[in-house]
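Going by numbering that gives the first Met the number 0, the first residue of the sequence shown is number 0, and it counts up by one from there.
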Amino acid sequence: MLGSFKHKLAVYFLLLAVAPLTAAFWGFGTVAKRAEERRVDSRLEAELRAVLASYERQADHVTALARNLAGRRDVQRGLRLGRFGRLPRDVAIVGPHRLAVGRRGTIESTRTVRVKTGRRVIGSILAVLALDRSLLRELRFESGLAHGDRIVFIPRSSRDRRRPQPVASGRPLAVSIAGSRYRALATGPLAEQRNVQIAVLAPTQPIEAQAAATRRHLLYVLLGALLVLAAIAAAEARSVMRSVRELAGAAEAVGRGRLDRRVPVRGRDEFADLAGSFNSMADQLRTRLLELELHRTRLRESLSRTGDLLTATHDVDQLLSLIASAAVEAADAEGAVLLGEHGAVIEVGTLADDAKTFELAIATHESRFGILVLYAAELDEDNLLATRALVAQGANALENARLHEAAALQARSDGLTGLANRRHCEERLLAEVARGERYETPLAVILCDIDEFKAANDTLGHGFGDLVLQRFADVLRETLRDIDVSSRWGGE
Numbered sequence: 000m001l002g003s004f005k006h007k008l009a010v011y012f013l014l015l016a017v018a019p020l021t022a023a024f025w026g027f028g029t030v031a032k033r034a035e036e037r038r039v040d041s042r043l044e045a046e047l048r049a050v051l052a053s054y055e056r057q058a059d060h061v062t063a064l065a066r067n068l069a070g071r072r073d074v075q076r077g078l079r080l081g082r083f084g085r086l087p088r089d090v091a092i093v094g095p096h097r098l099a100v101g102r103r104g105t106i107e108s109t110r111t112v113r114v115k116t117g118r119r120v121i122g123s124i125l126a127v128l129a130l131d132r133s134l135l136r137e138l139r140f141e142s143g144l145a146h147g148d149r150i151v152f153i154p155r156s157s158r159d160r161r162r163p164q165p166v167a168s169g170r171p172l173a174v175s176i177a178g179s180r181y182r183a184l185a186t187g188p189l190a191e192q193r194n195v196q197i198a199v200l201a202p203t204q205p206i207e208a209q210a211a212a213t214r215r216h217l218l219y220v221l222l223g224a225l226l227v228l229a230a231i232a233a234a235e236a237r238s239v240m241r242s243v244r245e246l247a248g249a250a251e252a253v254g255r256g257r258l259d260r261r262v263p264v265r266g267r268d269e270f271a272d273l274a275g276s277f278n279s280m281a282d283q284l285r286t287r288l289l290e291l292e293l294h295r296t297r298l299r300e301s302l303s304r305t306g307d308l309l310t311a312t313h314d315v316d317q318l319l320s321l322i323a324s325a326a327v328e329a330a331d332a333e334g335a336v337l338l339g340e341h342g343a344v345i346e347v348g349t350l351a352d353d354a355k356t357f358e359l360a361i362a363t364h365e366s367r368f369g370i371l372v373l374y375a376a377e378l379d380e381d382n383l384l385a386t387r388a389l390v391a392q393g394a395n396a397l398e399n400a401r402l403h404e405a406a407a408l409q410a411r412s413d414g415l416t417g418l419a420n421r422r423h424c425e426e427r428l429l430a431e432v433a434r435g436e437r438y439e440t441p442l443a444v445i446l447c448d449i450d451e452f453k454a455a456n457d458t459l460g461h462g463f464g465d466l467v468l469q470r471f472a473d474v475l476r477e478t479l480r481d482i483d484v485s486s487r488w489g490g491e
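Shown next, in the form of structure tokens:
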């Protein structure tokens with residue numbers, strides 16, 4: 000069945016439609032799930048802020064009790080003597096000079112209130128808040144969590160996989176607790192209990208259910224679109240096949256030398272344009288064959304010029320001259336003017352006032368080297384394409400020359416100051432010593448050191464140190480003669 004081009008064309012149309020539709024299906028499904036996750040994450044952030052505010056109120060309440068207790072004279076006397084009488088029910092003795100107020104538990108959040116008489120510290124009172132289920136119930140009631148959301152205390156040192164494990168603070172994460180999946184948002188370690196985090200959990204099951212419902216809806220839309228596209232593809236395939244058969248028959252006749260064969264032009268679509276172009280091609284084929292032979296000769300000459308360009312990679316002036324000359328020959332132009340990037344002007348051939356001008360930029364993706372202006376009565380499109388290709392190759396050769404020059408400069412200069420580097424200085428020093436010995440002339444070498452440079456560099460930063468080196472290098476360049484050599488020998 001697929002041996003027929005008509006059927007293949009219909010299948011290809013469907014495949015072209017299925018690929019973006021499938022991508023859109025999965026993309027929209029993923030976006031819907033992420034949107035639901037962001038909505039839940041926003042809710043978790045609000046809930047966590049409310050939980051933290053409630054927790055702070057609980058801790059502040061216990062701290063206030065401790066401060067009130069610290070102001071009682073009988074408590075101060077007991078702390079000073081280390082003996083206590085009758086204490087309130089929620090106050091416990093935890094040391095000779097230490098009391099604790101609040102509900103105790105296995106894991107506690109504590110704040111210390113110092114008790115003073117005058118300037119002397121006579122003891123302390125611990126404001127204790129038990130991090131237990133009772134506190135979780137109070138926090139949940141006060142913060143108004145959504146249905147299904149939970150609050151948990153996470154011991155950061157827990158190794159029991161059945162208990163909540165430490166969670167990175169500040170960003171929602173997917174976690175697994177006792178076999179259930181949740182979106183979790185946790186605080187950092189509590190200020191009063193560094194080994195505990197507070198986390199708010201939201202079950203992921205509603206998120207997955209919403210995402211699944213969205214995907215089902217999108218799937219129904221996708222199937223309906225595919226049915227419509229299948230009908231359209233079948234109709235278009237039949238129309239295309241009729242035009243293709245007519246073009247194939249005419250092409251076969253022209254291939255056998257029957258240049259009088261034409262294709263019927265029906266309608267105004269692309270196949271009508273193609274039929275008209277085919278008929279025009281048959282009319283111009285003989286002329287184009289002669290032009291093609293001439294173009295081949297010109298192309299061989301251009302390729303020879305291109306070889307010369309590539310062999311002159313490091314001579315920029317020669318490259319520019321060769322580009323101008325080769326472009327004139329490739330375009331069959333009367334003359335050309337090349338305007339270099341630094342104002343250089345190269346003229347080739349005759350620059351007639353009545354000739355048309357065609358401008359070509361000599362540039363790569365990274366650099367611009369100038370403008371080539373061609374002077375010609377007419378410029379054939381094929382010749383223009385060949386000239387553009389030649390100019391592009393010339394631009395690449397110029398870029399190679401520039402890179403070679405830059406690499407040579409980097410190899411002998413210091414990147415920060417622009418002075419000669421140590422290697423280049425040593426080479427020049429050896430050459431100057433040899434010349435001085437040969438001609439018995441004196442040689443002067445000056446070594447400069449910047450005082451307190453390390454202290455300034457350490458105190459004000461390396462950026463300031465780099466600026467000092469650059470300014471010092473500017474002073475050297477302004478002071479020394481052109482024949483002198485200044486270099487950066489070491490760190491300073």
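By construction, the Cβ of each residue, glycine as well, lies at the ideal position given by its N, Cα and C atoms.
Below 8 Å on the Cβ atoms is my guess for residue i versus residue j; work out the distance and round it to an integer in Å.
i           : j           : result
residue 336 : residue 328 : Rounded, the Cβ-Cβ distance is 16 Å, inconsistent with contact.
residue 262 : residue 245 : 5 Å
residue 277 : residue 249 : 6 Å
residue 348 : residue 334 : 3 Å
residue 173 : residue 42  : Contact flag wrong, Cβ pair sits at about 15 Å.
residue 210 : residue 35  : 6 Å
residue 400 : residue 315 : 5 Å
residue 231 : residue 32  : Incorrect: roughly 32 Å between the Cβ atoms, too far for contact.
How many angstroms separate the CA atom of residue i from the CA atom of residue j?
i           : j           : result
residue 189 : residue 22  : 45 Å
residue 226 : residue 239 : 20 Å
residue 464 : residue 416 : 12 Å
residue 159 : residue 178 : In this prediction, residue 159 has a pLDDT of 48, which is less than 50 and means its spatial position is unreliable; nothing more can be read from the coordinates.
residue 323 : residue 363 : 17 Å
residue 396 : residue 382 : 21 Å
residue 259 : residue 296 : 30 Å
residue 1   : residue 273 : Annotation note: pLDDT 49 at residue 1 (below 50); position unreliable, coordinate value reported separately. Spanning the two alpha carbons is a distance of roughly 26 Å.
residue 481 : residue 413 : 18 Å
residue 161 : residue 198 : Bear in mind that a pLDDT of 49 at residue 161, under 50, signals an unreliable position, so the model cannot answer this.
residue 476 : residue 317 : 32 Å
residue 426 : residue 356 : 51 Å
residue 432 : residue 446 : 16 Å
residue 366 : residue 387 : 16 Å
residue 461 : residue 422 : 24 Å
residue 82  : residue 59  : 28 Å
residue 252 : residue 228 : 36 Å
Classify residue i: buried if its beta carbon has 16 or more other beta carbons within 10 angstroms, exposed otherwise.
i           : result
residue 424 : buried
residue 219 : exposed
residue 98  : buried
residue 182 : buried
residue 444 : exposed
residue 369 : buried
residue 429 : exposed
residue 19  : exposed
residue 438 : exposed
residue 466 : exposed
residue 175 : exposed
residue 148 : buried
residue 29  : exposed
residue 487 : buried
residue 449 : exposed
residue 203 : buried
residue 124 : buried
residue 117 : exposed
residue 393 : buried
Tell me whether the beta-carbon of residue i lies closer than 8 Å to the beta-carbon of residue j.
i           : j           : result
residue 78  : residue 121 : yes
residue 103 : residue 65  : no
residue 185 : residue 153 : yes
residue 326 : residue 402 : no
residue 418 : residue 472 : yes
residue 132 : residue 150 : no
residue 107 : residue 196 : no
residue 112 : residue 62  : yes
residue 358 : residue 372 : yes
residue 375 : residue 391 : no
residue 90  : residue 100 : yes
residue 330 : residue 378 : yes
Should residue i be flagged as near chain D, meaning a C-beta pair shorter than 8 Å?
i           : result
residue 195 : The structure shown contains no chain D; it is built from a single protein chain.
Check whether the Cβ of residue i lies closer than 7 Å to any heavy atom of the ligand SAH, and answer yes or no.
i           : result
residue 356 : Looking at this structure, you won't find the ligand SAH or any other ligand, since it has none at all.
request  = Let me know the alpha helix (DSSP H) ranges lying completely inside the region 59-131, each 4 residues or longer, listed in chain order.
outcome  = The region 59-131 contains these whole alpha helix (DSSP H) runs: 72-80.
task = Output the residue ranges of the alpha helix (DSSP H) runs that lie fully inside the region 408-468 and measure 4 residues or longer, sorted by chain position.
result = Listed in chain order, the alpha helix (DSSP H) elements of length 4 or more contained wholly in the region 408-468 are 421-438 and 452-459.
ask   = Taking only runs of the beta strand (DSSP E) that begin and end inside the region 332-391, which ones reach a length of at least 3 residues, in chain order?
value = If only uninterrupted beta strand (DSSP E) runs of at least 3 residues are considered, those enclosed by the region 332-391 are 334-339, 344-348, 355-362 and 367-375.
query = Curious, which full-length beta strand (DSSP E) runs of at least 3 residues does the region 133-218 contain?
reply = You should have 149-154, 172-176, 179-185 and 195-202.
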